[in-house]
Structure formats: C-alpha cells, structure tokens
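Report on the structure given below.
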Amino acid sequence: MWMAEGHHRDAWQHTASIMALIANVNRDPKKTRAFKPSDFNPYVPKTSRPDVIVVTKENISLLKHAFIGDKL
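Under our numbering, the first residue of the sequence shown carries the number 716, and numbering increases by one thereafter.
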C-alpha cells in the first residue's frame, strides 16, 4: 500500500513539474507570478493565505450589496 502511494506521489511530482513548465511558458510575466510544481500537485498540503477572505453566511450580504445594490 505504501509503495503504491509513493509511486503515485512520485508520478504526481513529475506531472506537476511538467504542468508548471507549460504554465510558465504560456504566462504573461507582467501579470502573474511564476508557477511552482506545488501549485499543481494534489499531494502537497495547501496553506491558507492571510489575505484571502472566506465568504460565509455572515458576510455574503456585503458582496450582494456591492454587486447588486438595492435593486432587489
């Protein structure tokens, strides 16, 4: 079981490296940052960024007001 998972992790690392290479070749360096293989690898744990706002039931009304206003 562990060897099979290790094989999958290794295969995903290889695939993620190729995906990052293709994405970096086709990106506009003035608009976006360079991609890393970890951006595409599902086995790499994702860390939450502090500048991201999580939408909840409490703050969804702010978005509704910003995009729709008082039209409803």
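For glycine and all other residues, C-beta sits at the position ideal for the given N, C-alpha and C.
Check	Outcome
Reference P760, options R748, R724 and A719, closest by Cα	R724
K745 (DSSP reduced to helix, strand or coil)	coil
Whole-Å CB distance - P752 paired with A731, under 8 Å assumed	4 Å
Coil, strand or helix - G721 by DSSP	helix
Cβ separation of W717 and N756, assumed to be a contact under 8 Å, to the nearest whole Å	In fact, because the Cβ distance is near 18 Å, the residues do not count as touching under 8 Å.
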